[in-house]
Structures are given as C-alpha cells and as structure tokens.
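Comments concern the structure below.
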C-alpha cells in the first residue's frame with residue numbers, strides 16, 4: 005500500500021485501491037494488517053515532528069502501521085531521525 009500525506013493545498017485524486025491519501029490518523033486502522041506500506045510525503049510542513057496541516061506527530065504513523073520505506077520531496081531533520089531510529093530507508097527527491 006502506498007500511503008500519501010500531502011500539503012492540503014495540493015489537489016490529488018487517485019482511484020487505485022493500493023494507494024491511500026491520508027486525511028487523518030483514523031484512516032490508518034485498515035492498514036494494520038498490511039506489511040509493505042510505503043509512505044510518500046509531498047510538500048509537507050513538519051515542525052518539531054508535527055505535521056502542521058494535520059496536527060499529528062509524524063512518528064505516530066511509524067508506531068501505528070508497519071512502514072517499509074519513506075519517499076519525500078523535501079528534506080526534514082525529524083523525518084531523518086525517525087527513519088534512522090526505526091531503520092527505515094528514506095529517499096529524498
């Protein structure tokens with residue numbers, strides 16, 4: 005499953021059952037049984053670990069569902085720290 009977290013100002017519509025655009029953490033419940041989740045971060049503002057548009061800690065995702073890899077189009081110190089801690093590959097584009 006590809007989990008996308010994007011800036012709320014970006015319009016993105018995807019009609020694929022293997023791709024989820026995360027709107028809030030409540031949507032994560034159906035992913036607990038999935039093993040191969042990839043997290044795609046698109047133009048997010050993350051301050052001290054908090055995803056600003058969504059008001060949750062980015063680390064909550066890593067605790068809630070198994071993440072295999074993270075792909076991001078920006079660089080963020082906290083995301084790097086979390087990926088290093090959980091030993092998850094991080095690709096920054």
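Numbering (this note's numbering), first residue to last: 5 to 97.
All C-beta atoms, glycine included, are put in the ideal place defined by N, C-alpha and C.
Just so you know, these numbers come straight off a predicted model, no measurement behind them.
Since residue i contacts residue j with CB under 8 Å, what's their CB separation in whole angstroms?
i	j	result
residue 71	residue 22	Not quite, the Cβ-Cβ distance comes to about 15 Å (not below 8 Å), so this is no contact.
residue 15	residue 46	That pair is no contact at about 11 Å.
residue 25	residue 18	6 Å
CB-CB under 8 Å to residue i, same chain, minus the five flanking residues each way: which ones, in chain order?
i	result
residue 107	Nothing in the structure corresponds to residue 107, since the chain is present only between 5 and 97.
residue 30	none
residue 50	56, 62, 80, 82, 83
residue 64	29
residue 53	61, 62, 63, 82, 86
residue 66	86, 90, 92
residue 69	7, 32, 35, 36, 38, 41
residue 97	75, 76, 77
residue 5	22, 23, 24, 35, 38, 40, 41, 42
For residue i, I'd like the list of residues in its chain whose CB is within less than 6 Å of its CB, leaving aside the five on either flank, ordered along the chain.
i	result
residue 93	73
residue 2	This structure does not reach residue 2, given that the chain is present from 5 up to 97, and the question cannot be answered.
Could you give the DSSP three-state label for residue i: helix, strand or coil?
i	result
residue 69	coil
residue 82	helix
residue 32	helix
residue 59	coil
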